[in-house]
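These notes concern the structure reproduced below.
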Ligand SMILES: [Zn+2]
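Numbering (my numbering), first residue to last: 94 to 384.
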């Protein structure tokens, strides 16, 4: 009997020990990984990942390079690099243009209302010549595209710095692959892709032409929106991620709709399979490849 009580005490002691370890868990994570806090329009990013200015299949063009807004959550930076590398693997000349993510510690800036908590990014469109040749992103411009994916120079712009601007065509094939890769990435959940309605239509038409599964097309149609209260996003797309599950424990706040219905109508990936330590290692590997 005494022995049984002693072993019970040991078991209880063990459980208490475990409990105290698990209480420390979330805070330990903050030492290892980024944390997005607050909202995208009023927030910060702690221990952000610094995205390299050039990597496999992408670059940060000059105009945005100078601003230094190449910081985001680990999940955002890694997912962007992964998607760009995937498009490059399929189309060897492709180069994504990543404009602003967030400033080093997040927070407000003169450039953006959002982009404050490491979960927003502006992506320049993939473009090509009419013969299909890939073009690298322009260094100083966001080119406006018409409903047919042809470049437009709005009168108020005066001119573009990019000498090739008039030859550029919206590359629906690469833009779709980039978006589909992000939508399928199990480590992130996309809340919005802000992009003009006509360009959405070009992307959906491309997806149908390629015989992409209905669920991923419906998923894309759900998250792609032309915002009513700001620019139509016909010169870039703005992508916003939901808070990661881990970051929600630390004050990350989602605003706006949460796509509950995806669980039924789309192949929902379930919880993000996000392992902070593993993900740092993967990020380091990606960086090494890009170096
Ligand atoms: Zn933006």
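Quick reminder that beta carbons are idealized off the backbone N, C-alpha and C, glycines included.
Task: DSSP state of residue 387 mapped onto helix, strand, coil - done: In the structure as shown, the chain starts at 94 and stops at 384, and residue 387 therefore has no counterpart that could be examined.
TODO: Taking only heavy atoms of ligand 1 into account, decide whether any of them is closer than 7 Å to the Cβ of residue 215.
DONE: yes
- [ ] Would you please state the rounded distance, in angstroms, between the beta carbons of residue 143 and residue 204? I believe it to be under 8 Å.
- [x] Not a contact, Cβ separation roughly 18 Å.
- [ ] Note down, in chain order, each residue of its chain lying with its Cβ closer than 6 Å to the Cβ of residue 278, except the 5 sequence neighbours on either side.
- [x] 172
Open item on the list: At 3 residues or longer, what runs of the beta strand (DSSP E) sit wholly inside the stretch 187-256?
Closed with: 189-191 and 213-217
TODO: For residue 353, count neighbouring Cβ atoms within 10 angstroms of its own Cβ and tell me buried if that reaches 16, exposed if not.
DONE: Residue placement at residue 353 cannot be trusted, given a pLDDT of 49 that sits under 50; what the coordinates show is reported in the next sentence. Exposed.
TODO: Kindly examine ligand 1 and report whether one of its heavy atoms sits closer than 7 Å to the Cβ of residue 205.
DONE: yes
Open item on the list: So, for residue 330: in the same chain, excluding its five sequence neighbours on each side, which residues have a beta-carbon less than 6 Å away from its beta-carbon?
Closed with: 216, 286 and 288
Task: Nonlocal neighbours in the same chain, by C-beta distance under 7 Å from residue 184, ignoring five residues either side - done: 227 and 267
Task: Under the three-state DSSP convention, the category residue 313 falls into - done: helix
Task: Distance, residue 302 Cα to residue 140 Cα - done: 42 Å
Task: Anticipated Cβ contact below 8 Å, residue 292 with residue 238, distance rounded - done: 6 Å
Open item on the list: Is residue 208 close to ligand 1? I mean its beta-carbon at under 7 Å from any heavy atom of the ligand.
Closed with: yes
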